[in-house]
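Colleague: Here it is, the structure in full.
2 protein chains.
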Amino acid sequence: MTDFDAAIGSDHDVEVTRRSSATPSIRDVAAAAGVSYQTVSRVLNDSPRVNADTRRHVLEVIERLGYRPNRAARALGSGLSSTVTVVIANTTLYGYAATLQGIEEAARSAGFAVGVRVVESDSPVDVSHAVEHVSDPNAGGVVVIAFDTAGAEVLRALPADVPAVAATEAGGLAGVSRSMVFLDERQAAADATRHLLELGHRTVHHVAIPSESGTSARQSGWRATLEAAGVPVPEVLTAGWDVRSAYLAGARLAADPEVTAVLCGNDDTALAVRRALYEAGRDVPGDVSIIGFDDVPGAAYWTPALTTVRMDFAALGRACLAAIAAEVAGEPRQVIALAPPSLVVRESTAPPR
Amino acid sequence: MTDFDAAIGSDHDVEVTRRSSATPSIRDVAAAAGVSYQTVSRVLNDSPRVNADTRRHVLEVIERLGYRPNRAARALGSGLSSTVTVVIANTTLYGYAATLQGIEEAARSAGFAVGVRVVESDSPVDVSHAVEHVSDPNAGGVVVIAFDTAGAEVLRALPADVPAVAATEAGGLAGVSRSMVFLDERQAAADATRHLLELGHRTVHHVAIPSESGTSARQSGWRATLEAAGVPVPEVLTAGWDVRSAYLAGARLAADPEVTAVLCGNDDTALAVRRALYEAGRDVPGDVSIIGFDDVPGAAYWTPALTTVRMDFAALGRACLAAIAAEVAGEPRQVIALAPPSLVVRESTAPPR
DNA sequence: CATCGCAGTGTTAACGCTCACACTGTTGCG
DNA sequence: CGCAACAGTGTGAGCGTTAACACTGCGATG
Chain A
1 MTDFDAAIGS DHDVEVTRRS SATPSIRDVA AAAGVSYQTV SRVLNDSPRV NADTRRHVLE
61 VIERLGYRPN RAARALGSGL SSTVTVVIAN TTLYGYAATL QGIEEAARSA GFAVGVRVVE
121 SDSPVDVSHA VEHVSDPNAG GVVVIAFDTA GAEVLRALPA DVPAVAATEA GGLAGVSRSM
181 VFLDERQAAA DATRHLLELG HRTVHHVAIP SESGTSARQS GWRATLEAAG VPVPEVLTAG
241 WDVRSAYLAG ARLAADPEVT AVLCGNDDTA LAVRRALYEA GRDVPGDVSI IGFDDVPGAA
301 YWTPALTTVR MDFAALGRAC LAAIAAEVAG EPRQVIALAP PSLVVRESTA PPR
Chain B
1 MTDFDAAIGS DHDVEVTRRS SATPSIRDVA AAAGVSYQTV SRVLNDSPRV NADTRRHVLE
61 VIERLGYRPN RAARALGSGL SSTVTVVIAN TTLYGYAATL QGIEEAARSA GFAVGVRVVE
121 SDSPVDVSHA VEHVSDPNAG GVVVIAFDTA GAEVLRALPA DVPAVAATEA GGLAGVSRSM
181 VFLDERQAAA DATRHLLELG HRTVHHVAIP SESGTSARQS GWRATLEAAG VPVPEVLTAG
241 WDVRSAYLAG ARLAADPEVT AVLCGNDDTA LAVRRALYEA GRDVPGDVSI IGFDDVPGAA
301 YWTPALTTVR MDFAALGRAC LAAIAAEVAG EPRQVIALAP PSLVVRESTA PPR
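So the protein sequences, as listed, match chains A and B. Take the first sequence: its position 225, counting from 1, is numbered 225 in the working numbering, and each next residue is one higher. Take the second sequence: its position 35, counting from 1, is numbered 35 in the working numbering, and each next residue is one higher.
Below, the structure written as structure tokens:
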């Protein structure tokens, strides 16, 4: 205690410390506690080699001084950074946002900080800027949400020494040797298509959303099911992420009396298709059945409530975080298929007239 | 040029550098370019005091070596960190996600990195953890999305020396002296209410969403308008962020034949209210008119298309970034009201029967 | 009772960068 | 032609932390 008092009592050398008015550093804590700063560091990293009394006292001083560890310094000193950066095309689209939420949740409980970087398009400029941003040495790992070409391009352009994992479509990304995590949408798409066929529909149309490859897993599950059933495989209509393009595709389908069942690339697409059908005077599910993908929070409250595939994006995000943490820790790459999403049958599907 | 060549030619002191096998540092670049590391630093920070030829050569070496500046080291060395952390209650709710997108966009073009921290609730534990996380010295600024109590609590608990700005409801947060930015929703709520009144409705009911204060700006705009019009002010029904609670509120309204017009706290709420009305056999807008808030991307494609208030969350986010950048740069606090959002009249509102 | 081992602590040197300052050479001016 | 001014560059110190190692006692071991 004498040491402590002495340290506090003497103020003839106040000017020696740089600018102690600012946030206290580990050294200030050490001085106030009468120990070396290495001991404080040990307390912070709960090293076992610290006497219980010392630890308690240091903790007390930390509290009293309002000391907060400096992440940047820690990263510099250790060479490790407990940060993961999420590369994402758009934070407002449900699947992306929910995946981000899952990543953040897992990161938070694992003590990681999370960064976000939006890649607006798959243009070389956007992609290279994003790559540049995340390839900061000791910036930690990166999780690329590669549901689309922008993400996929970033993944391809990323230097091999940057630890990264991708959240992808089912099956992963061809030609990319990275850890990948995905939900098995192919299976779910097949289930959804079969559901429609079993209801008695002659065939099922499909409005596709953007995808990394030309053909999404959703689309291929749909196609395989139709082929296996020996029914005609209609031409695929492609929409963008914007609702309007889906509406346009929906309008084309609505004009075709042969169309009685539509598997939509996601719920937003289903919303727009349903609108187009409505405008054409065709009832859902009376005249046309529709199925979405994602199960956005409101889907159960639509009129009619939407039959859709529930995607557990939060689980996807959590798995991505676990994977990147493993990768940063030096474990080998892995490709993880999560449990297949399941079809939630509600009101938008019915037997054809 | 001779110096450069000489420096490149000589490799007898290759072992002097520590572990140059790893990512190159500023010193490796300097050595390879035959200049001091300070010169490289100057090039990186485009200081004007560098000869054009030197700069070009250094840039070339940087490119060749694949050098990437280390953000952590830079932050440590300068004491400044060009990172902003966004404190957010939920990344999947549209208003939050869109605001985040706006912040990120502005941050990206201003050269800031962005971090995300979710506060799951306004519980002391969650709040203090979030505060702890963002009060890292030299972690840069923080933008708190304070649409709810969780955000507001974080803001209140944040040490005064942490630079922060809040995206709030109209009017800002009482008792908090921080920079704040908001969209004037009060005005928009008044417009929406007036629209309904002008259509001939006796009064307008309101389903409120969570808000920082007990009474949201949306609610107070609604109330003021009803009072000014001298019509009865119905009891406010309160919903949470989840669609189900809004549905429950909607079910109560649907059961009341007096209800002919409802101003919903946001579009999700409107969706659920519309569903409840549908289940009760009441047509929208035939029997009941509804108005939402936010104008989510799909709102125009609902059946009926939703009359709602378009909130420019991206602009809100951009303004927040500008504000935090200013704050970090030492400029005084400011309270900014952005242009009031406007009502978009679509199909869900009509004169009462 | 000398020695080993280990709990507990301190010391030194990085980590990669920026800052403040010092230095060199050239230019411009009286 | 001497000196100030300045462009251009280098040097030294430090940012707050961790890692590696060195040291000090004390109890256990033979």
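No residue lacks a Cβ here, since even glycine has one placed at the ideal position from N, Cα and C.
1. Let's see if you can read the secondary structure: which residues bound the alpha helix (DSSP H) around A/Gly77?
2. For B/Glu378, go through chain A and note every residue whose CB falls closer than 9 Å to its CB, in chain order.
3. Hey, which unbroken runs of the beta strand (DSSP E) at 3 residues or more fall wholly within the region 171-246 of chain A?
4. Between the region 260-281 of chain B and chain A, which residues of the former have CB atoms less than 7 Å from a CB of the latter, in chain order?
5. Using the rule of at least 16 other Cβ atoms within 10 Å of the residue's Cβ for burial, across every protein chain shown, is A/Thr24 buried or exposed?
6. For the region 39-125 of chain B, which segments carrying the alpha helix (DSSP H) assignment without a break, of at least 4 residues, lie completely within its bounds, in sequence order?
7. Classify B/Val328: buried if its beta carbon has 16 or more other beta carbons within 10 angstroms, exposed otherwise.
8. Assign B/Glu258 to one of two classes, buried (16 or more other C-beta atoms within 10 Å of its C-beta) or exposed (fewer than that).
9. Grouping DSSP H, G and I as helix and E and B as strand, with all else coil, what is A/Asp294?
10. Could you tell me the alpha carbon to alpha carbon distance between B/Val119 and B/Pro159, rounded to whole angstroms?
11. For B/Arg353, does the three-state DSSP call read helix, strand or coil?
12. Could you check whether the Cβ of A/Arg64 sits closer than 7 Å to any Cβ belonging to chain B?
13. Give me the Cα-Cα distance between B/Arg68 and A/Thr215, rounded to the nearest whole angstrom.
14. Measure the Cβ-Cβ separation of B/Asp267 and B/Thr308 and say whether it is below 7 Å.
15. Considering only their Cβ atoms, is the gap separating B/Met311 from B/Leu183 smaller than 7 Å?
16. If you drop the 5 nearest sequence neighbours on each side, which residues of the same chain put their C-beta closer than 8 Å to that of B/Leu277?
17. Could you tell me whether any Cβ in chain B is nearer than 7 Å to the Cβ of A/Ser20?
18. Counting only Cβ pairs nearer than 8 Å, list the residues of chain A close to B/Pro297.
19. For B/Pro352 and A/Thr85, I'd like the C-alpha separation in whole angstroms.
20. Under 8 Å, CB to CB, which of the residues in the region 27-44 of chain B have a partner in chain A?
21. For a cutoff of 7 Å on Cβ pairs, would you count B/Asp136 as touching chain A?
22. Taking a Cβ distance cut-off of 8 Å, strictly less, list which residues of the region 65-79 of chain B are near chain A, in chain order.
23. What are the boundary residues of the beta strand (DSSP E) that B/Gly141 is part of?
24. Does the region 85-99 of chain A come close enough to the region 97-112 of chain B that 3 or more CB-CB pairs lie under 8 Å?
25. Report the CB separation of B/Pro163 from B/Ile324 in whole angstroms; it is logged as a contact under 8 Å.
26. Report the three-state DSSP secondary structure of B/Val154 (helix, strand or coil).
27. Can you find a CB in chain A that lies within less than 7 Å of the CB of B/Ala113?
28. Would you check if there are 3 or more beta carbon pairs closer than 8 Å linking the region 120-131 of chain B to the region 48-65 of chain B?
29. Is the CB of B/Thr308 under 7 Å away from at least one CB in chain A?
30. Buried or exposed, going by whether 16 or more other CB atoms sit within 10 Å of the CB of B/Arg244?
31. Taking Cβ-Cβ distances below 7 Å as the criterion, which residues of the region 327-338 of chain A are in contact with chain B?
32. Is the shortest distance between the beta-carbon of A/Ala322 and the beta-carbons of chain B less than 7 Å?
33. Which bits of chain A does B/Thr303 rub up against, with CB to CB less than 7 Å?
34. What residue range is occupied by the uninterrupted beta strand (DSSP E) comprising B/Leu343?
35. In or out: B/Glu132 buried (at least 16 other Cβ within 10 Å) or exposed?
36. Tell me B/Ile410's beta-bridge partners as DSSP assigns them.
Modeller: Working from what's here:
1. Taking the first sequence and counting its residues from 1, the one referred to as residue 77 of chain A is at position 77. Unbroken alpha helix (DSSP H) run through A/Gly77: 71-78.
2. Since the first residue of chain B shown is 1 and the last is 353, residue 378 of chain B is not available in this structure.
3. 179-183, 205-208
4. Asp268, Leu271, Ala272, Arg274, Arg275, Tyr278
5. As a first step, residue 24 of chain A is located in the first sequence; it is residue number 24 there, counting from the start. Position check: residue 24 of chain A holds Pro in this sequence, whereas Thr was assumed. A/Pro24 should be labelled buried.
6. 52-65, 71-78, 94-110
7. Stepping through the second sequence from its first residue, residue 328 of chain B is reached at position 328. Under this definition B/Val328 is a buried residue.
8. The residue you call residue 258 of chain B lines up with position 258 of the second sequence. With fewer than 16 other Cβ atoms within 10 Å, it is exposed.
9. Counted from its first residue, the first sequence places residue 294 of chain A at position 294. Correct three-state label for A/Asp294: strand.
10. Numbered from its first residue, the second sequence carries residue 119 of chain B at position 119. Numbered from its first residue, the second sequence carries residue 159 of chain B at position 159. Roughly 17 Å separates the two Cα atoms.
11. As a first step, residue 353 of chain B must be located in the second sequence, where it is residue number 353. Coil at B/Arg353, not helix or strand.
12. As a first step, residue 64 of chain A is located in the first sequence; it is residue number 64 there, counting from the start. Judged by the 7 Å Cβ criterion, A/Arg64 is not in contact with chain B.
13. Numbered from its first residue, the second sequence carries residue 68 of chain B at position 68. Numbered from its first residue, the first sequence carries residue 215 of chain A at position 215. The straight-line gap from Cα to Cα measures roughly 36 Å.
14. As a first step, residue 267 of chain B must be located in the second sequence, where it is residue number 267. As a first step, residue 308 of chain B must be located in the second sequence, where it is residue number 308. In this structure, B/Thr308 lies closer than 7 Å to B/Asp267 by Cβ.
15. Here residue 183 of chain B refers to the residue found at position 183 of the second sequence. Here residue 311 of chain B refers to the residue found at position 311 of the second sequence. Cβ distance < 7 Å, so B/Leu183 and B/Met311 count as in contact.
16. Looking up residue 277 of chain B in the second sequence gives position 277. Result list for B/Leu277: Gly250, Leu253, Ala254, Asp283, Val284, Asp287, Val288, Ile290, in chain order.
17. The sequence position of residue 20 of chain A within the first sequence is 20, counting from 1. Confidence is the limiting factor: at A/Ser20 the pLDDT is only 45, short of 50, which leaves the residue's position unreliable and the question unanswerable from this model.
18. The residue given as residue 297 of chain B occupies position 297 in the second sequence. The answer, in chain order, is Thr92, Asp242, Val243, Asp268.
19. Numbered from its first residue, the second sequence carries residue 352 of chain B at position 352. Numbered from its first residue, the first sequence carries residue 85 of chain A at position 85. Roughly 52 Å separates the two Cα atoms.
20. none
21. For this step, residue 136 of chain B is matched to residue 136 along the second sequence. Yes, B/Asp136 lies at the interface with chain A (some Cβ there is under 7 Å from its Cβ).
22. Gly66, Arg68, Pro69, Asn70, Arg71, Ala72, Ala73, Ala75, Leu76
23. On the second sequence, position 141 is the one that residue 141 of chain B refers to. 141-145 is the extent of the beta strand (DSSP E) around B/Gly141.
24. yes
25. Within the second sequence, the letter at position 163 stands for residue 163 of chain B. Within the second sequence, the letter at position 324 stands for residue 324 of chain B. Between B/Ile324 and B/Pro163 the Cβ distance is about 7 Å, and since that is below 8 Å, they are a contact.
26. What you label residue 154 of chain B is simply residue 154 of the second sequence in a count that begins at 1. If DSSP states are grouped into helix, strand and coil, B/Val154 belongs with the helices.
27. Position 113 of the second sequence, counted from the first residue, corresponds to residue 113 of chain B. With 7 Å as the cut-off, B/Ala113 counts as an interface residue toward chain A.
28. no
29. Counting from 1 along the second sequence, the entry for residue 308 of chain B is found at position 308. No - not a single Cβ of chain A is within 7 Å of the one on B/Thr308.
30. The residue given as residue 244 of chain B occupies position 244 in the second sequence. Label assigned to B/Arg244: exposed.
31. none
32. By one-based count along the first sequence, residue 322 of chain A stands at place 322. Cβ-Cβ to chain B under 7 Å: no for A/Ala322.
33. Translated into positions along the second sequence, residue 303 of chain B becomes position 303. What B/Thr303 touches in chain A: Arg274, Arg275, Tyr278.
34. Within the second sequence, numbered from 1, the residue matching residue 343 of chain B stands at position 343. Element bounds for B/Leu343: 342-344.
35. Along the second sequence, read from residue 1 onward, the residue named residue 132 of chain B stands at position 132. By the neighbour-count rule (16 or more Cβ atoms within 10 Å), B/Glu132 is not buried but exposed.
36. Absent from the structure is residue 410 of chain B, since the part of chain B shown begins at 1 and ends at 353.
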